[in-house]
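Enquirer: Just so it is clear: in the sequence shown, position 34 is 44 by the numbering used here, and no numbers are missing.
My structure is below; once you've seen it, I'll send some questions.
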Amino acid sequence: MALSRVVMRLTRNPGTSHPDGDDHRGYTVVAPLDASGHLDLELWRANKQDCTVLRFSPDEDEKADGWLTHRGSHWYFRYDEEDEGPDEPVYRLGDHALRLGEYLTIHEADGEDLTYKITDVVKV
Numbered sequence: 011m012a013l014s015r016v017v018m019r020l021t022r023n024p025g026t027s028h029p030d031g032d033d034h035r036g037y038t039v040v041a042p043l044d045a046s047g048h049l050d051l052e053l054w055r056a057n058k059q060d061c062t063v064l065r066f067s068p069d070e071d072e073k074a075d076g077w078l079t080h081r082g083s084h085w086y087f088r089y090d091e092e093d094e095g096p097d098e099p100v101y102r103l104g105d106h107a108l109r110l111g112e113y114l115t116i117h118e119a120d121g122e123d124l125t126y127k128i129t130d131v132v133k134v
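If you want it as structure tokens, here you go:
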């Protein structure tokens, strides 16, 4: 078990503000993954400060940095500054394997649910 850097890029989202997706928008997350690619709660507890989130975008105002957090039975992307937006819940993140080619839905700060494809996973 180790921390891994997971890169997710915006994929096609018909009927949204990004119907064709955008490889320049997404997230880089340092996450505690077990051997099957699932989030490991105990590993996260031991490495909270190293479990980071970086939201990237060509629009400077949409960029943000923060932490991967866990509350109750849910995982969130938590940002450290007010102007970076509220916590972003990731739909059933604890149930998904974070492996190359998998998809995740993130509830964006503007209220839109967008789907991202995992394009890179490497141990850090």
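Here a beta-carbon is modelled for each residue, glycine too, at the ideal position from N, C-alpha and C.
Note that the structure is predicted; figures quoted are calculated from it, not measured.
Would you grab the beta carbon distance between Pro99 and Ala119 for me? Rounded to a whole angstrom, and I think it's under 8 Å.
Expert: With a Cβ gap of about 11 Å, Pro99 and Ala119 do not count as contacting.
Enquirer: At what residues does the beta strand (DSSP E) containing Leu43 begin and finish?
Expert: From DSSP, the beta strand (DSSP E) with Leu43 extends over Asp32 to Leu43.
Enquirer: Is it the case that the Cβ atoms of Gly104 and Ser83 are separated by a distance below 8 Å?
Expert: In this structure, Ser83 lies closer than 8 Å to Gly104 by Cβ.
Enquirer: Just verifying my parser: in three-state terms, what is the DSSP assignment at Gly104?
Expert: Correct three-state label for Gly104: helix.
Enquirer: Skipping 5 residues on each side, what residues in its chain have a beta carbon closer than 6 Å to that of Ser67?
Expert: So the qualifying residues of the chain are Arg35 and Lys73.
Enquirer: Bridge partners of Ser14, per DSSP?
Expert: DSSP lists Ala41 and Lys133 as partners of Ser14.
Enquirer: Whole angstroms is fine: what's the gap from Tyr86's alpha carbon to Val17's?
Expert: Rounded to whole angstroms, Tyr86 to Val17 spans 16 Å at the Cα level.
Enquirer: Taking 8 Å as the threshold (C-beta atoms), are Leu108 and Tyr126 in contact?
Expert: Result no, Cβ atoms of Tyr126 and Leu108 do not sit closer than 8 Å.
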